[in-house]
Amino acid sequence: MNTTAPRPTVLSVAIVTETYPPEINGVAHTMRHLAEGLTARGHRVRVVRPRQRDESGATPIEIVVPGLPIPGYRGLRFGLPVYWRLRRLWRRTRPDLVYIATQGPLGHAALAAARSLGVATVTGFHTQFHQYSQHYGLGMLTRPIVATLRRFHNRSQATLVPTEALRETLTVSGFTNVHVFGRGVDIERFSPRWRDPALRRAWGCETDDLAVLYVGRIAAEKNLELACAAFEAIRTEHPSARFVLVGDGPELAQLRRSAPDYVCTGAKTGQALSAHYASGDLFLFPSETETFGNVVTEAMASGLAVIAYDDAAAHTYIDPWRNGVTVPLGERDDYLRAAREAASDRARLRRMGEAARHDAEGMSWERVLEGLEERLIEVIHRQRRSGDLSCRCGYNT
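Residue numbering for the sequence shown follows this note's numbering, starting at 147 and increasing by one per position.
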């Protein structure tokens with residue numbers, strides 16, 4: 147007898163996240179694609195998020211809860227643990243599944259509320275908080291943070307990660323039911339066709355000058371010191387090169403003071419972001435704390451060769467010296483050498499950028515979402531067949 151449940155025509159999915167557009171970061175970006183993609187595929191989606199600074203109003207699919215500022219991260223907030231509100235909401239309009247993207251107070255409350263109601267839960271591992279601690283002088287907290295994250299994620303029925311390498315790492319660390327939820331890239335939004343000579347001139351670049359680009363948070367955990375060192379190594383051989391840093395963050399003011407000749411644009415979105423990507427010539431991304439790194443695939447789609455550590459998205463998509471360059475994780479001298487060598491041959495740099503664009507054209511969000519949809523349906527069916535969760539306790543579980 148076939149006991150497999152029929153595929154539901156429409157799923158009801160609650161997405162709980164402590165960051166969401168217009169906030170600018172990889173998690174917010176991914177959650178927007180998840181919500182819009184599932185909606186486009188005919189599913190009912192509600193997004194639970196904290197009230198943002200300068201809130202202009204929620205969309206019909208968003209449920210806004212109270213939040214507080216995250217110290218040191220201007221504009222970002224964490225949600226308060228509104229356990230009882232979520233429990234009442236989900237008793238009244240029960241979702242088939244709750245996807246929890248962040249592990250703050252709101253995420254913990256959502257996991258407890260969903261479990262207490264017997265609703266299927268999936269968590270996303272989107273941020274390497276345990277690695278961030280090392281960049282803020284808190285390395286002694288790494289093991290306790292990993293233990294806390296493991297307890298949180300293992301209480302859900304599946305944990306989704308963006309790469310196979312991270313799945314293997316978490317599994318070895320005792321995380322259970324870990325599966326890959328990859329990432330796509332919008333190849334229309336990020337494309338070489340948005341290259342803008344006028345923008346390059348505004349940066350101080352003539353036609354043949356090298357524009358070295360970084361896009362991301364201006365923060366210690368992004369290893370910006372190495373990006374700056376790599377640019378200075380490039381500039382010793384290319385004095386007219388310009389370093390353009392696109393993004394906001396706690397280190398931006400200090401960077402502007404210490405390197406006034408760098409072009410620090412602040413955060414960019416929409417068409418302006420597309421033009422900034424496409425108008426560069428070489429992309430530096432030395433972060434060691436990524437779960438994925440959407441900027442890598444966005445740069446590739448924009449026709450840029452990326453210099454990165456062999457980790458996360460770079461490990462998955464970069465074929466060294468064909469469509470970009472990777473070096474072993476943590477090898478600072480190798481990174482500096484790779485940056486100098488890549489910048490030394492403009493013809494090869496262009497060929498790598500063309501290959502990167504070609505490869506990015508196969509990174510479809512539609513394909514990613516199709517696989518995710520199948521995973522969510524599998525989790526829902528498994529929970530319904532079991533008729534129970536491992537624990538149906540309250541908020542203190």
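For every residue, glycine included, the Cβ atom is placed at its ideal position computed from N, Cα and C.
Close beta carbons around residue i, own chain, < 6 Å, minus the five adjacent residues each side
| i | result |
| --- | --- |
| E270 | The amino acid at residue 270 is misidentified as Glu; the sequence shows Gly. Here the set comprises A247 and L306. |
| T163 | M177, R195, A247 and T248 |
| F275 | At F275, the pLDDT of 44 sits below 50, so the modelled position is not reliable and the matter cannot be decided from this model. |
| L522 | L243 |
| T317 | V324 |
| V471 | I453, A484 and A488 |
| D355 | S386 |
| N469 | M498, A501, A502 and D505 |
| G412 | D394 |
Between the CA atoms of residue j and residue i - distance to the nearest angstrom
| i | j | result |
| --- | --- | --- |
| A160 | R234 | 14 Å |
| L252 | Q198 | 14 Å |
| W467 | D491 | 12 Å |
| A501 | T353 | 22 Å |
| D456 | A418 | 29 Å |
| R238 | L263 | 11 Å |
| S202 | R402 | 30 Å |
| F431 | E477 | 13 Å |
| T165 | V228 | 16 Å |
| R329 | G508 | 11 Å |
| E397 | P167 | 22 Å |
| E520 | L482 | 42 Å |
| F298 | D480 | 37 Å |
| N143 | R528 | For the chain, the structure presents residues 147 to 543; residue 143 sits outside this window and is missing. |
| T302 | I464 | Looking at the sequence shown, residue 302 is not Thr but Ser. Near 32 Å, if we compare the C-alpha coordinates of I464 and S302. |
| I216 | P338 | 36 Å |
| A373 | E310 | 26 Å |
| M498 | A460 | 14 Å |
| A186 | L257 | 26 Å |
| V392 | A379 | 20 Å |
| F377 | W511 | 32 Å |
Residues near residue i by beta carbon distance below 7 Å, same chain, minus five either side
| i | result |
| --- | --- |
| A506 | V331, I333, T443, M446 and A447 |
| W124 | Here the chain has residues from 147 to 543 only, and residue 124 is not among them. |
| L180 | I161 |
| F336 | S420, Y423, E444, A447 and S448 |
| N300 | F321 and T322 |
Where residue i sits in the DSSP three-state scheme
| i | result |
| --- | --- |
| G225 | strand |
| T435 | coil |
| M147 | Because the pLDDT of M147 is 44, which lies under 50, any placement of that residue in the model is unreliable, and the question is left without a value. |
| S532 | helix |
| S262 | helix |
| T269 | strand |
| L257 | helix |
| I380 | helix |
| V159 | strand |
| I526 | helix |
| H276 | For H276, the predicted structure reports a pLDDT of 38, less than 50, and the residue's modelled location is therefore unreliable. A value from the coordinates is still provided. In the structure shown, H276 sits in a helix (DSSP, three-state: H, G or I). |
| A387 | coil |
| A247 | coil |
| A366 | helix |
| L356 | coil |
| P152 | With a pLDDT of 49 at P152, under the threshold of 50, the modelled position of this residue cannot be trusted, and the question is left open. |
Residue i versus the options, residue with shortest Cα-Cα distance
| i | options | result |
| --- | --- | --- |
| G362 | W340, R347 and F429 | F429 |
| V98 | H254, Q303, I453 and P241 | Look at the range of the chain in this structure, 147 to 543, and you will see that residue 98 is not part of it. |
| R494 | V452, W511, D480 and A460 | V452 |
| E434 | T415, A259, P474 and L257 | P474 |
| T462 | P308, G499, F298 and P206 | P308 |
| A344 | A365, G426, A311 and Y360 | G426 |
| H175 | R346, V441, A459 and R496 | V441 |
| L295 | E383, G320 and A376 | G320 |
| P385 | F327, N300 and R486 | R486 |
| A259 | A366, R231 and H504 | R231 |
| R513 | L359, F327 and A458 | F327 |
Same chain, Cβ closer than 8 Å to residue i, neighbours up to 5 away in sequence not counted
| i | result |
| --- | --- |
| I526 | P154, L157, D242, L243 and A266 |
| I209 | R192, V193, V194, R195 and L235 |
| I207 | A181, T185, V191, R192 and V193 |
| P212 | P196, R197, G225, L226 and V228 |
Check: residue i C-beta below 8 Å from any heavy atom of the ligand FMN
| i | result |
| --- | --- |
| A421 | The ligand FMN is absent from the structure shown, which contains no ligand whatsoever. |
* Asked: Mind pulling the beta strand (DSSP E) runs of 3 or more residues that sit fully within the region 278-342?
  -> Here the runs fully enclosed are 305-307 and 324-326.
* To do: Please specify which runs of the alpha helix (DSSP H), each continuous and at least 4 residues long, are wholly inside the region 168-239, giving them in chain order.
  => 172-186 and 229-238, all fully within the region 168-239.
* To do: Ignoring anything shorter than 3 residues or poking outside the region 429-511, list the beta strand (DSSP E) runs there in chain order.
  => Whole beta strand (DSSP E) segments, 3+ residues: 451-455 and 471-473.
* Note down, one range per segment and in chain order, each beta strand (DSSP E) of at least 3 residues found wholly within the region 391-432. => Fully contained in the region 391-432 are the following beta strand (DSSP E) runs of length 3 or more, in chain order: 409-412 and 428-431.
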